[in-house]
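So the structure is just underneath, and the comments pick up after that.
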Amino acid sequence: MQPMNIESSVWARNGVRWKRPGPVMAERRFLFFSISRIFLLAILAIFLNGVTLFFMEAPAVYAKSRYLINRNTLDHLNREGLPEKLVQSMAPLLEKVFPSREAFLKVLGELEVPPRAPLETDIILRYSAMDQITIQAETFSSDQISRESIFKGNVQGKIPRENILFSTAKLRMLIGEFNSYERLIGEGGIRVEQWDREVRGDYLNYTRVFDNNSQDMQNPTPVDETLKLEGSVQISAAQGKARSSTLFLDLLNQEAVLEGKSAKGSERVRIEAYPDRLSKGAEGQTTTDPSTSPAREIVVQAARASLENKKRRIILEGAVEMQRMPEDFFLSSGILQLLYDEEQMLTEANARQSVCIEQPGRVARADLARVDELKQTIRLEGNAEVDSGQYNLQGSQINLFLDVNRGVAQGDGNAPIQMTMKMGGEFTPAFRCR
1 MQPMNIESSV WARNGVRWKR PGPVMAERRF LFFSISRIFL LAILAIFLNG
51 VTLFFMEAPA VYAKSRYLIN RNTLDHLNRE GLPEKLVQSM APLLEKVFPS
101 REAFLKVLGE LEVPPRAPLE TDIILRYSAM DQITIQAETF SSDQISRESI
151 FKGNVQGKIP RENILFSTAK LRMLIGEFNS YERLIGEGGI RVEQWDREVR
201 GDYLNYTRVF DNNSQDMQNP TPVDETLKLE GSVQISAAQG KARSSTLFLD
251 LLNQEAVLEG KSAKGSERVR IEAYPDRLSK GAEGQTTTDP STSPAREIVV
301 QAARASLENK KRRIILEGAV EMQRMPEDFF LSSGILQLLY DEEQMLTEAN
351 ARQSVCIEQP GRVARADLAR VDELKQTIRL EGNAEVDSGQ YNLQGSQINL
401 FLDVNRGVAQ GDGNAPIQMT MKMGGEFTPA FRCR
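The opening residue of the sequence shown carries number 1 in the working numbering; numbering runs sequentially from there.
In structure tokens form, the structure reads like this:
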């Protein structure tokens, strides 16, 4: 592949010319990637802000910019501090593409609550413009026959629309024949930053596939859009952090999968969350006074973690362990399913396969366990057993309060409980979870 003549060459898609503003900067019209949030939840509202990456048209000097407002746009405008009523008034414009700045400004002026100050308008334009990206690299080459471009050496990029900075050692861009697909491959030192969020990895593969039968050549609709990060993947934000061997995102279906190298020890997926922290821009703040209340922390480990955002659930599989501090609540199982509401607050946790729960002064085990965060109860089913300093309970079904001091909630008339009272002595559990 030979270096491309920047002054005379024309890119195959949309006929847009390249321009090199300086000795190490290449700027052109191509598809860019952007971060939004993925939420990883566990007991008591575990969540992390992570990464979803997607590509849209990006401009060169000779191309007109288009404008689009989506959910990400509204999130960024809220973070920038725009009036809430102004942001809410843009909801009817979601997912509509405006072909020019003039057309977009006209629609903004007709909103129920239009922008009042030039600064508000500028911020909206920044986060709505689809066609803005800058890439810097030490070397650049392109082959129009194979439709491949390569950036090498300290590759750095900026996407104003998503407030994103990214860097890698090497970046390859490929476009399929008849624009049937678009692919971005990053190799070595992958780093993506947005607000207070950061993602690192060794290898990135983004792919977007289009319907060849689509009649809309200017704004084609993707039929498949995925992102895969591999090699010591690390996600960090004010609310928590996660690590895995791979991260796979299905952007159209709003699904994510994290996988560890194995189900053994430190090779599992690890998620740490700090429920007391709120994210505001690039800073995190706590909802509780640390001098009077110890900070809450939840750590989850599993061989595999999958998020299905449309169904509002997370499924953890393989040697699952969860610990919640400072109450020292520990749960282990083969599979753990977490359900959450629109506010990303946990409502229910369902564990199965050799479930074991350990709390100060109490241990419990069963085939199945359901933790109801609203009622603050635990329901054990199948070979259930609870052991404390005062009693040992056994039965096919046992209901407990999450608070150890409140003891047993109730039994079931169809599932009698066998109780053995303990007389004196220190608490020595009949079994252990860890």
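We treat Cβ as the ideally placed atom computed from N, Cα and C, and that holds for glycine.
{"query": "Inspect the CB distances between the stretch 93-101 and the stretch 147-158 and report whether three or more fall short of 8 Å.", "result": "no"}
{"query": "Leaving out five residues before and five after D211 in sequence, what residues of the same chain have Cβ atoms less than 6 Å from its Cβ?", "result": "V223"}
{"query": "Applying the criterion that 16 or more other CB atoms from any shown protein chain within 10 Å of the CB defines a buried residue, is R161 buried or exposed?", "result": "buried"}
{"query": "Measure from the alpha carbon of N154 to the alpha carbon of each residue in D143, S141 and A137, then state which is nearest.", "result": "A137"}
{"query": "Please name the residue, chosen from K228, A256, S141 and V97, that lies closest to R185 on a Cα-to-Cα basis.", "result": "A small correction: the amino acid at residue 185 is Ile; Arg does not occupy that position in the sequence shown. Comparing Cα-Cα distances from I185 to each of K228, A256, S141 and V97, the minimum goes to K228."}
{"query": "E272 and K241 - do their beta-carbons sit closer together than 8 Å?", "result": "yes"}
{"query": "Assuming D387 and F329 form a contact by the criterion Cβ under 8 Å, report the distance between their Cβ atoms to the nearest whole angstrom.", "result": "About 16 Å; that fails the 8 Å criterion."}
{"query": "If I follow the unbroken alpha helix (DSSP H) through F104, where does it start and stop?", "result": "R101 to G109"}
{"query": "Specify, as a first and last residue, the run of the beta strand (DSSP E) that R66 falls within.", "result": "No beta strand (DSSP E) holds R66; DSSP gives it neither H nor E."}
{"query": "Please state whether the Cβ-Cβ distance between I335 and L316 is less than 8 Å.", "result": "yes"}
{"query": "Quick one: what's R304 bridged to in DSSP?", "result": "E259 and E317"}
{"query": "Under a three-way DSSP split, which group does I123 fall into?", "result": "helix"}
{"query": "Alpha helix (DSSP H) containing R435: first to last residue?", "result": "With the chain running from 1 to 434 in the structure shown, residue 435 is simply not present."}
{"query": "Any idea if M173 is buried or exposed, counting beta-carbon neighbours within 10 angstroms, 16 or more meaning buried?", "result": "buried"}
{"query": "What would DSSP say about L93, mapped onto helix, strand or coil?", "result": "helix"}
{"query": "Give the straight-line distance between the Cα atoms of R116 and W195, rounded to the nearest whole angstrom.", "result": "26 Å"}
{"query": "Between the C-alpha atoms of G361 and K375, what's the straight-line distance to the nearest angstrom?", "result": "21 Å"}
{"query": "In the DSSP assignment, the beta strand (DSSP E) including Q337 goes from what residue to what residue?", "result": "F329 to Y340"}
{"query": "Report the rounded CA-to-CA distance for I145 versus K158, giving the unit in angstroms.", "result": "28 Å"}
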